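Visitor: The sequence shown begins at 35 in this note's numbering and counts up one residue at a time.
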Amino acid sequence: MNVIYGMQQILSGNSLYQNPEAPPYAIMQYTPLFYLLSAGIAQMFSVTADNVQGIYEIARALALICNLLTVWVVSKTIRIQGGDKLSSTLFALPALMILTTHYYVRCDSMHLCFFALAIYALTAWIQSQKSSLLLLMILSTALCIASKQSGVLVAGITGFYLLFLKRSIKYTILYTIGVLICCALILHLSIEGNWILFYQNAVLGLKNGTSTNFLVNMFFSRFFTELIPFYILGGILVWASVRHATKDKQFQFTGIAIALSFLFAVITGLKIGSSSNYFVEYLLLCFIGIPQLLSHSSAQKVIFQRKGKTYTIKTLTWLAIFILLGSKTMGLFGSIYLEKRMISRPYRYENLQALHRYITDTLRIAPHRYVFSNERGFADNIFYKEALMPTKDVVSQVVLSNPEVYNFQSFISGMNQGLIQYIIAPQDNPELNRFQQEIPFLQFDSSRFVPLEEKYGYLIYAFQ
């Protein structure tokens with residue numbers, strides 16, 4: 035919903051990044067490439083800002099295309115490392131599964147595509163050291179960062195390889211300067227030179243605070259259970275790559291990349307609001323490395339024996355893959371069930387459209403007044419022109435962890451003084467201050483906001 039709102043702003047002719055401390059108090063957390071490309075495609079197909087469903091379809095289609103390209107790039111990478119057609123296809127296809135369906139309107143798929151392309155370029159460069167591949171490394175790294183800030187991981191992996199494994203200061207400097215120039219140029223053009231607003235959104239908007247709960251959750255939370263065998267498998271891949279480092283430089287690089295991506299996932303995972311999705315790059319690199327592991331003698335090393343049966347590293351590898359993909363498959367069917375349930379309730383979308391027409395055409399909204407949606411969902415997208423604080427989840431994360439990052443005093447002083455003309459709340463949960471625990475300053479005065487009427491499944495509060 036937050037990402038869709040950003041696309042709507044672009045389609046409306048507004049800047050993606052706006053002042054978070056002024057109306058409409060929106061925070062766009064991510065770097066701009068996915069927003070801009072999605073909005074550009076929407077314009078090509080005459081999809082307007084008020085066509086919320088159409089924007090969703092564009093964003094999801096773009097994410098799917100990126101995922102399919104990622105599969106192709108990973109397959110090419112495995113082929114370079116010596117894999118045959120079957121193994122390269124077999125171990126590339128899971129790239130479609132490691133990003134769950136609810137990320138299909140976010141920038142993660144594009145980020146992962148450029149991440150995979152940068153890894154491919156470096157893998158190919160290790161063999162041939164062609165200048166064209168070095169340029170591809172630089173450009174794909176810059177595009178990865180422009181898609182999502184965590185793209186700095188691939189820059190770190192490449193820089194580490196060039197400096198410590200290749201031991202080439204010349205290539206390290208060339209790569210670093212190239213990435214900085216390309217990234218600065220891409221971002222400058224994307225944000226129209228407004229670096230201050232970019233900083234206020236894509237940098238300050240990530241200050242969610244830190245918590246060590248992630249270190250516990252990654253082993254004991256049910257959302258991370260599917261990953262635990264891959265923690266072990268990743269360690270084995272790193273060990274095997276070091277063991278065969280003198281004979282197989284490609285495997286050595288893959289092992290180092292896996293280790294760095296795991297470390298990056300754990301460190302960034304300390305940020306409040308993190309999830310198992312932080313291990314996506316790690317999983318992708320593991321699937322690139324698995325064919326190399328299985329082709330080496332290390333795969334036959336015995337882990338333990340029980341009741342006359344021998345369990346080797348190869349056994350653990352297939353078990354880890356089965357657990358991960360089995361869990362992802364069940365999650366996929368669960369998502370399909372939820373999607374079907376939503377499709378069977380189209381009235382929600384239609385009701386919000388009708389509610390929007392009623393409020394804007396019948397009740398009317400005065401100039402410089404806004405509508406506040408008292409629910410999560412796409413109501414803020416339907417009311418994208420009139421919505422106040424449409425990115426509540428982002429605001430909540432920042433305010434609860436670092437309340438000094440943004441100054442919302444103008445919102446606080448105006449919220450009960452007419453800045454908000456209407457509040458809409460779902461009839462099944464019409465509480466006026468339901469977001470107060472998540473955004474402490476969000477305290478509406480019940481004497482100023484009185485129930486006006488129930489319409490299309492929502493209770494409308496009007497400012498008096």
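Glycine included, C-beta positions come from ideal geometry on N, C-alpha and C.
Note that the coordinates shown come from a computational prediction; the quantities given were computed from them, not determined experimentally.
Since Thr425 and Ala60 should fall inside the 8 Å C-beta cutoff, what is the C-beta to C-beta distance between them, to a whole number of angstroms?
Guide: In the sequence shown, counting from the first residue as 1, residue 425 sits at position 391. In the sequence shown, counting from the first residue as 1, residue 60 sits at position 26. Contact flag correct, Cβ pair sits at about 5 Å.
Visitor: Between which residues of its own chain and Phe296 is the CB-CB distance below 7 Å, once the five residues before and five after are set aside?
Guide: Counting from one through the sequence shown, the residue named residue 296 turns up at place 262. The answer, listed in chain order, is Gly268, Tyr316.
Visitor: Measuring straight from C-alpha to C-alpha, what distance separates Gln87 and Gln42?
Guide: Taking the first residue of the sequence shown as 1, we reach residue 87 at position 53. Taking the first residue of the sequence shown as 1, we reach residue 42 at position 8. Cα-Cα distance, rounded: 12 Å.
Visitor: Leaving out five residues before and five after Ile306 in sequence, what residues of the same chain have Cβ atoms less than 7 Å from its Cβ?
Guide: As a position in the sequence shown, residue 306 is number 272, starting the count at 1. Hits under 7 Å: Asn242, Gly243, Thr244, Ser245, Gln431, Ser435.
Visitor: Check Thr134 in the structure and name its three-state DSSP category.
Guide: For the purposes of this step, residue 134 is identified with residue 100 of the sequence shown, where counting begins at 1. Residue state, collapsed to three classes: coil.
Visitor: Can you find the residues in the same chain that come closer than 7 Å, C-beta to C-beta, to Leu493, ignoring five residues on each side of it along the sequence?
Guide: As a position in the sequence shown, residue 493 is number 459, starting the count at 1. The residues are Ala459, Gln461, Pro464, Pro485.
Visitor: Return the residue from the list Ala354, Leu294, Phe148, Ile160 that minimises the CA-CA distance to Phe8.
Guide: This structure cannot speak to residue 8, because the chain is shown only from 35 to 498.
Visitor: Would you decide whether Phe79 is buried or exposed? Buried here means 16 or more other CB atoms lie within 10 Å of its CB.
Guide: Numbered from 1 along the sequence shown, position 45 holds the residue referred to as residue 79. By the 10 Å Cβ count, Phe79 comes out exposed.
Visitor: Tell me whether Ile355 sits in a helix, a strand or coil according to DSSP, three-state version.
Guide: Working through the sequence shown from its first residue, we reach residue 355 at position 321. Reduced to three states, the DSSP call for Ile355 is helix.
Visitor: Do you know offhand how far Phe258's Cα is from Phe356's?
Guide: If you number the sequence shown from 1, residue 258 lands on position 224. If you number the sequence shown from 1, residue 356 lands on position 322. Phe258 and Phe356: Cα-Cα distance of roughly 15 Å.
Visitor: From Tyr69 to Leu151, what distance separates their C-alpha atoms?
Guide: Taking the first residue of the sequence shown as 1, we reach residue 69 at position 35. Taking the first residue of the sequence shown as 1, we reach residue 151 at position 117. Taking the straight line joining both Cα atoms gives about 20 Å.
Visitor: Given this structure, state the Cα-to-Cα distance separating Glu487 from Glu420, to the nearest angstrom.
Guide: Stepping through the sequence shown from its first residue, residue 487 is reached at position 453. Stepping through the sequence shown from its first residue, residue 420 is reached at position 386. So the alpha carbons of these two residues sit roughly 19 Å apart.
Visitor: Just the Cα atoms here: how many angstroms apart are Phe287 and Pro54?
Guide: As a first step, residue 287 must be located in the sequence shown, where it is residue number 253. As a first step, residue 54 must be located in the sequence shown, where it is residue number 20. Whole-angstrom Cα-Cα distance: 42 Å.
Visitor: Can you give me the Cβ contacts of Val26 inside the same chain, cut-off strictly under 6 Å, excluding the 5 residues immediately before and after it?
Guide: Residue 26 lies beyond the residue range present for the chain, which begins at 35 and ends at 498; the question has no answer from this structure.
Visitor: Near Leu127, which residues of its chain fall below 7 Å by C-beta distance, leaving aside the five closest residues on each side in sequence?
Guide: Position 93 of the sequence shown holds residue 127. Contacts found: Val105.
Visitor: Is the number of C-beta pairs between the region 449 to 458 and the region 400 to 407 that are closer than 8 Å three or more?
Guide: The region 449 to 458 is in contact with the region 400 to 407.
Visitor: May I ask you to report which of helix, strand or coil DSSP gives Arg256?
Guide: Counting from one through the sequence shown, the residue named residue 256 turns up at place 222. The answer is coil: DSSP assigns Arg256 none of H, G, I, E or B.
Visitor: Can you give the Cα-Cα distance for Tyr39 and Ile172, rounded to whole angstroms?
Guide: Residue numbering aside, residue 39 sits at position 5 when the sequence shown is read from its first letter. Residue numbering aside, residue 172 sits at position 138 when the sequence shown is read from its first letter. Distance between the alpha carbons of Tyr39 and Ile172: 31 Å.
Visitor: What distance in whole Å lies between the Cβ atoms of Ala76 and Ile114, which are believed to be in contact at a cut-off of 8 Å?
Guide: Counting from 1 along the sequence shown, the entry for residue 114 is found at position 80. Counting from 1 along the sequence shown, the entry for residue 76 is found at position 42. Not a contact, Cβ separation roughly 36 Å.
Visitor: Within 10 Å of its beta-carbon, does Ile191 have 16 or more other beta-carbons around it, so buried, or fewer, so exposed?
Guide: Residue mapping note: residue 191 aligns to position 157 of the sequence shown, counting from 1. Buried, by the Cβ-count rule.
Visitor: Say whether the region 219 to 227 touches the region 164 to 181, bearing in mind that this needs 3 or more beta-carbon pairs closer than 8 Å, one atom from each stretch.
Guide: Segments in contact, yes.
Visitor: Based on DSSP bridge pairs, tell me the residues matched to Gln339.
Guide: As a position in the sequence shown, residue 339 is number 305, starting the count at 1. Per DSSP, Thr344.
Visitor: In the DSSP assignment, the beta strand (DSSP E) including Val405 goes from what residue to what residue?
Guide: By 1-based counting over the sequence shown, the position of residue 405 is 371. That run of the beta strand (DSSP E) goes 404 to 407.
Visitor: Per DSSP, what kind of secondary structure is Gln498 in: helix, strand or coil?
Guide: Start at 1 with the first residue of the sequence shown, and residue 498 comes out as number 464. Residue state, collapsed to three classes: coil.
Visitor: Would you mind listing the alpha helix (DSSP H) stretches within the region 56 to 108 that are 4+ residues and don't spill past its ends, in chain order?
Guide: If we require 4 residues or more, the alpha helix (DSSP H) runs fully inside the region 56 to 108 come out as 67 to 78.
Visitor: Tell me the DSSP bridge mates of Tyr456?
Guide: The residue labelled residue 456 in the question sits at position 422 within the sequence shown. Val405, Ala496.
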